[in-house]
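To get our numbering, take the position in the sequence shown, counting from 1, and add 263. Here's the structure, in structure tokens; my notes come after.
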Amino acid sequence: MTFAQLLEKYRDEVTPLKDGNRQETIRINRFLKDSDFVNVKIADLTTHHFEKWKLKRLKEVSALSVLREIAVLNPILNHAKRTWKYLKANPLDDLSKPSKPPARDRLITDKEIEALCFQFNYTPDAKLETITSRVGAAFMFAIETAFRAQELCNLRWVDIKGRVAKINDSKTYAGIREVPLSKRAMAILEQCKGVDDTYVFKLRASQHDSLFRKAKGKALIED
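Now the structure itself:
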């Protein structure tokens, strides 16, 4: 079996069972397309292959991007070792990882919030008839609550109890958590009523990501 065949098998059999399977599929497909050593037999894979790949990628993308890619590859090799018994060792175990960049502490300004809302065509009294305007509402709700993008897309009306929103599936170690809602957050929820019977913002993650990036670019907002 080649490394490419292993990646394809994992992508087709294991990835669909996981949360975030879309992003993982994209990263695996990109690796299949761009990697120089996908046709190497997995029995011949060494840490040196991944070291060369890492140095090449660090010239193309940030250290954080490389760490994310390693985080995708590592479970695949571990699965091949522990579950499928294809490997005796994971060659990534001895790979020196690039240093993690400092945590982000970039705060958005009032001027940038105004510019983004203009691009979303969002105002506190707007009718949320377009997907773009609902991304604007979700953006303002995130400022009030610190919800992550996926949490915004997953938020349902049954998760709202009085002045509290319950998050049932979170990336944080706390997992399920309850978030108190400010007056502004409550007003945004009121604005969203009638959009959908189940989901508050009626957004798919792909829509949210694409339209937010588009608005950010038009507003000339960087980092």
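Glycine included, each C-beta is placed from N, C-alpha and C at the ideal position. It should be emphasised that the depicted structure is a prediction, and the values quoted were computed from it without experimental measurement.
According to the Cβ coordinates, are residue i and residue j closer than 7 Å?
{"i": "L418", "j": "V463", "result": "yes"}
{"i": "V398", "j": "H312", "result": "no"}
{"i": "V324", "j": "P361", "result": "no"}
{"i": "L295", "j": "A326", "result": "no"}
{"i": "I430", "j": "E414", "result": "yes"}
{"i": "A400", "j": "I339", "result": "no"}
{"i": "T393", "j": "V442", "result": "no"}
{"i": "L379", "j": "A478", "result": "yes"}
{"i": "I484", "j": "E377", "result": "no"}
{"i": "T309", "j": "L358", "result": "no"}
{"i": "L280", "j": "A343", "result": "no"}
Between which two residues does the alpha helix (DSSP H) carrying residue i extend?
{"i": "V329", "result": "A326 to R345"}
{"i": "I451", "result": "K446 to C455"}
{"i": "V398", "result": "I394 to T408"}
{"i": "S359", "result": "Counting along the chain, S359 falls outside any alpha helix (DSSP H), and DSSP gives it neither H nor E."}
{"i": "A482", "result": "Where A482 is concerned, there is no enclosing alpha helix (DSSP H), given that its DSSP letter is neither H nor E."}
{"i": "D297", "result": "N284 to D297"}
{"i": "N417", "result": "A412 to N417"}
Would you identify the three-state DSSP class for residue i, choosing helix, strand or coil?
{"i": "Y436", "result": "Confidence in Y436 is poor, its pLDDT being 49 and thus under 50, which makes the residue's placement unreliable; the coordinate value appears in the next sentence. Of the three classes helix, strand and coil, the one that applies to Y436 here is coil, per DSSP."}
{"i": "E323", "result": "coil"}
{"i": "Y273", "result": "helix"}
{"i": "K492", "result": "As displayed, the chain neither begins before 264 nor continues past 486, which places residue 492 out of reach and without an answer."}
{"i": "I371", "result": "coil"}
{"i": "Q470", "result": "helix"}
Is residue i near the ligand PLP - that is, is its Cβ less than 6 Å away from at least one heavy atom of it?
{"i": "S445", "result": "Judged by which ligands are present, the structure shown has none, so any question about the ligand PLP falls away."}
Kindly give me the distance between the Cβ atoms of residue i and residue j, rounded to whole angstroms, as I take these residues to be in contact under 8 Å.
{"i": "A405", "j": "S396", "result": "Not a contact, Cβ separation roughly 15 Å."}
{"i": "T265", "j": "N302", "result": "5 Å"}
{"i": "V335", "j": "E287", "result": "6 Å"}
Return the first residue and the last residue of the beta strand (DSSP E) that residue i is part of.
{"i": "K351", "result": "Taken as a continuous stretch (DSSP letters only), K351 belongs to no beta strand (DSSP E), as it is neither H nor E."}
Could you tell me whether any Cβ in chain D is nearer than 7 Å to the Cβ of residue i?
{"i": "A409", "result": "In the displayed structure, chain D is absent; only one protein chain is listed."}
Quick check: the segment 347–355 against the segment 379–387, are there 3 or more CB pairs under 8 Å? no
Three or more beta-carbon pairs under 8 Å between the segment 448–466 and the segment 365–380, yes or no? no
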